[in-house]
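One structure below.
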Amino acid sequence: MIFLVNLGRVVFAPLLQEFIAVFQIGEGTAGLIATLAWLGSALLRVPTGWLLTRVPRHRVILGTGVILTGAAAFIASATSVSMVAVGALCMGLASGSYFVAANPLVSELYPERVGWALGVHGMTSQLAAVAAAPLVTLVLTLFVDWRIVFVCIAAVAALVTITLFFTARSTELPEAGSEDRDLIGAIRAEWRVVLLSVVVVGATGFVWQGLFNFYELYMGTKGLSATASKNLLTVIFAAGVPAFFVSGRLADTLPRVPYILTIIGSFTVCVLALTVTSGLVPLIVLTALIGYVLHSLFPAIDTYLLDTLPDGTRASAYAWYSGGMMVLQASGSSAVGALREAGLAYDLIFTQLALGLAVVVAALLVLQRSGRLPQSATRE
Numbered sequence: 001m002i003f004l005v006n007l008g009r010v011v012f013a014p015l016l017q018e019f020i021a022v023f024q025i026g027e028g029t030a031g032l033i034a035t036l037a038w039l040g041s042a043l044l045r046v047p048t049g050w051l052l053t054r055v056p057r058h059r060v061i062l063g064t065g066v067i068l069t070g071a072a073a074f075i076a077s078a079t080s081v082s083m084v085a086v087g088a089l090c091m092g093l094a095s096g097s098y099f100v101a102a103n104p105l106v107s108e109l110y111p112e113r114v115g116w117a118l119g120v121h122g123m124t125s126q127l128a129a130v131a132a133a134p135l136v137t138l139v140l141t142l143f144v145d146w147r148i149v150f151v152c153i154a155a156v157a158a159l160v161t162i163t164l165f166f167t168a169r170s171t172e173l174p175e176a177g178s179e180d181r182d183l184i185g186a187i188r189a190e191w192r193v194v195l196l197s198v199v200v201v202g203a204t205g206f207v208w209q210g211l212f213n214f215y216e217l218y219m220g221t222k223g224l225s226a227t228a229s230k231n232l233l234t235v236i237f238a239a240g241v242p243a244f245f246v247s248g249r250l251a252d253t254l255p256r257v258p259y260i261l262t263i264i265g266s267f268t269v270c271v272l273a274l275t276v277t278s279g280l281v282p283l284i285v286l287t288a289l290i291g292y293v294l295h296s297l298f299p300a301i302d303t304y305l306l307d308t309l310p311d312g313t314r315a316s317a318y319a320w321y322s323g324g325m326m327v328l329q330a331s332g333s334s335a336v337g338a339l340r341e342a343g344l345a346y347d348l349i350f351t352q353l354a355l356g357l358a359v360v361v362a363a364l365l366v367l368q369r370s371g372r373l374p375q376s377a378t379r380e
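All residue numbers for the sequence shown refer to UniProt numbering, where the first residue is 1 and numbers rise by one.
Here is the structure:
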């Protein structure tokens, strides 16, 4: 299921060029489609947290499968860019609800190895990101029509949802969520941990969203062919596959806040280096490094939150974090698209974004050194 819900978010990036050609739209409108997928992923996160105070986690996950199936089928029937945009928003809604329900459940299924379990879960999600561009290329080669991509997603999502329904009926699931019944109380109790996580992932994700959604087009401005540019998009996600597993293991052993700050600092340096790099081989190496470093952040931050929040607030506090960070990062692609239409070069845009992220990193480091950042909490 996580493979499918993440595919539903990232599949729009390799399709932006197709949308521009088919619907005769600009980069700003194309970027808005990608933004809507990620904005949708943000909108239901806090409401899902409230729902989880009343409904078991696995039932919410089943609901996300139904939404994903319907949204993919809707896009497959789209005859206008407006329909694609609405469908993208709905596919985002499914993914947002899924992560809020599934990540706490995964952490409770493996309480002794939270970082490892979340790393494996996230690695499976990352495989979808790796598969997105090759899948789009394969479909366009075999069938020409981009709508077949969404026909496939709808069909497989329906099958997986039905399978998950019967699997959940025969599985003994953890009862930790039965204590989590106060959405407002959770944010009051855990606001410092949640705020730190929102700032870290929201600011970093804003830059990342703008980068990966336009990566294919960006590489084209550096003189790469269309095929090489699309393949680099695959590389940036492929590098994240081992990152989830390795970073999940490291998050179980290293001091978590210093580790997280090291990750976002490294990502900032990598983006700045990208703006002054040219040539196929250097770009391949740097692309892989960016993909590895960036994707190391997600299992680290999830482990920090989910392994340290107590049973009584885990899903609710995680929902606040998920909604907050997604709202911050979702507009990254539309911001880059708007700046491009205003005439700014990609190198200048990403230099400015990286410098802005550097300011955030510097501020967090100052707070870290002065002991004003929450280092950990204790699972009860």
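Here a beta-carbon is modelled for each residue, glycine too, at the ideal position from N, C-alpha and C.
Residue i, buried or exposed, once every other Cβ within 10 Å from all chains shown has been counted against 16
i	result
E108	buried
A71	buried
D302	buried
L355	exposed
A94	buried
L211	buried
F206	buried
E380	With a pLDDT of only 36 at E380, under the threshold of 50, the placement of this residue in the model should not be trusted, and no figure is reported.
I190	Per the sequence shown, residue 190 should be read as Glu rather than Ile. It counts as buried.
G35	This sequence places Thr at residue 35; Gly is not what is there. It is buried - the Cβ of T35 has at least 16 other Cβ atoms within 10 Å.
D307	buried
R59	exposed
Residue i to residue j span [Cα, whole Å]
i	j	result
M326	L280	33 Å
T351	G343	15 Å
V366	A358	12 Å
S82	I25	11 Å
T277	L283	7 Å
residue 408	A30	Beyond the ends of the chain as shown, which are 1 and 380, falls residue 408; an answer cannot be given.
A117	Y110	6 Å
E18	I67	25 Å
T313	V194	11 Å
F237	G291	6 Å
A128	V11	9 Å
L373	R57	31 Å
A363	A37	30 Å
S370	V360	16 Å
F3	R9	10 Å
T204	L140	32 Å
L254	V84	43 Å
T163	Y318	27 Å
Proximity of residue i and residue j at Cβ, strictly below 8 Å
i	j	result
L274	L286	yes
A76	V151	yes
Y98	V5	yes
L183	G49	yes
V132	P258	The question names Val, but residue 132 is Ala in the sequence shown. No; because the gap between Cβ atoms is not below 8 Å, this pair is not in contact.
A251	G115	yes
A73	A154	yes
* **Cβ contact check for the segment 48 to 56 and the segment 225 to 241: 3 or more pairs under 8 Å** => With a cut-off of 8 Å, the segment 225 to 241 and the segment 48 to 56 do not count as touching, because too few Cβ pairs lie within range.
* To do: Could you tell me whether the segment 230 to 245 touches the segment 24 to 42, using the rule of 3 or more Cβ pairs below 8 Å?
  => no
* Using 8 Å as the Cβ pair cut-off and three pairs as the minimum, do the segment 209 to 221 and the segment 258 to 269 touch? -> no
* Taking one C-beta from the segment 161 to 176 and one from the segment 292 to 301 each time, how about it: are there three or more such pairs within less than 8 Å? -> no
* Are at least three pairs of beta-carbons, each pair with one atom in the segment 329 to 347 and one in the segment 135 to 146, less than 8 Å apart? -> no
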